[in-house]
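According to numbering that gives the first Met the number 0, the sequence shown is numbered sequentially starting from 0. Note that CB positions come from ideal geometry on N, CA and C, so glycine has one too.
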Amino acid sequence: MPRPEHEPAWRIRPGSLPVVATAIHSGHDLRPAVAALTALGSEDRRREEDPHTERLLPDDATRVVVGRSRFEVDLNRPRDAAIYRTPEDAWGLTVWKAPLPLAVVQDSLAIYDRFYAELDHLLRSQVRRHGRVLLLDMHSYNYRRRGLHAPAQPPAQNPEINLGTGPLGGRWPAVAERFVDTLSKMPFLGGHLDVRENVRFKGGHLCRHVVRRFDGRVCPLAVEVKKIFMDEWSEQVYTERLAALKTAFTRLMPELLDAMGGCG
């Protein structure tokens, strides 16, 4: 049965740590009014979403998991760019059969507004409780865009973990340094992860919003995981890698919280 349009498009699970972890692009749902207008099939949409990133969120964090697809409203873009209008907005994909009616746009932007209002409320309550809060904004990215059987994009420009710190503007340097240093040295399935800062992505609107609203009190880190935990074309999940990544992020949290105690 389709989800009623008035229900929330995300869910929040409280945690004990001063950490809020978000998976804002993991969702695939569309409101019926939006689904009727899309020109994309489910597989094309899923390839550009971030499936399973909610399964990477660390234990004991307060988890914010969005079920609504970024193709309805992209919560990691500014409000005036949150709805894809042209192929240039969406990796060259033609998203709509026809221009969107104003009512559909307004309803999607209302979801955007409610999300940010609720996120701000959540972060305010976490700051009151803990003083300082870490926000982990979890994403994933494709590295085999040429096709299922084509060579992957070169590792030199595609780290397995990309830490985006652009919105921080140099704030929280010890936290970023600890993230890269600790995670890259952590054993991972017989080897180590390639972890680098601001190579593929520098962070999006959610982190910029948090810096503007909570500067010095919330440290937002944008994390992009290369889709080494799944096949981006067939959608097959590599469960051992997914579980190992989840464990790594969970073990990383005490290190980052320790680093937050010494800078701001």
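Cβ distance (whole Å) where Gly26 is taken to contact Arg67 below 8 Å | By 1-based counting over the sequence shown, the position of residue 26 is 27. By 1-based counting over the sequence shown, the position of residue 67 is 68. The pair is a contact, with the Cβ atoms about 5 Å apart (cut-off 8 Å).
DSSP state of Pro3, grouped into three classes?
-> Within the sequence shown, residue 3 is the residue found at index 4, counting from 1. Bear in mind that a pLDDT of 43 at Pro3, under 50, signals an unreliable position, so the model cannot answer this.
Helix, strand or coil at Phe187 [DSSP, three-state] | Position 188 of the sequence shown, counted from the first residue, corresponds to residue 187. Looking at Phe187 - three-state DSSP - the assignment turns out to be strand.
Completely contained beta strand (DSSP E) runs for the segment 207 to 263, where each covers 3 or more residues = 217 to 225
Reference Val72, options Leu92, Asp28 and Leu39, closest by Cα | In the sequence shown, the residue the question calls residue 72 occupies position 73. Per the Cα distances, Asp28.
In whole angstroms, what is the alpha-carbon distance linking Val174 and Pro253?
-> Looking up residue 174 in the sequence shown gives position 175. Looking up residue 253 in the sequence shown gives position 254. For Val174 and Pro253, the distance between alpha carbons rounds to 11 Å.
How about the segment 31 to 45 and the segment 89 to 103: do they share at least three Cβ pairs that are nearer than 8 Å?
-> yes
Check whether the segment 222 to 240 touches the segment 136 to 150, counting contact only when three or more Cβ pairs, one atom from each stretch, lie closer than 8 Å.
-> yes
According to the Cβ coordinates, are Pro57 and Thr238 closer than 7 Å?
-> Translated into positions along the sequence shown, residue 57 becomes position 58. Translated into positions along the sequence shown, residue 238 becomes position 239. In this structure, Thr238 does not lie closer than 7 Å to Pro57 by Cβ.
When the Cα atoms are used, what is the spatial distance from Leu167 to Arg143?
-> The sequence position of residue 167 within the sequence shown is 168, counting from 1. The sequence position of residue 143 within the sequence shown is 144, counting from 1. C-alpha separation (whole angstroms): 29 Å.
Counting pairs of Cβ atoms below 8 Å between the segment 157 to 171 and the segment 191 to 208, do you hit three or more?
-> yes
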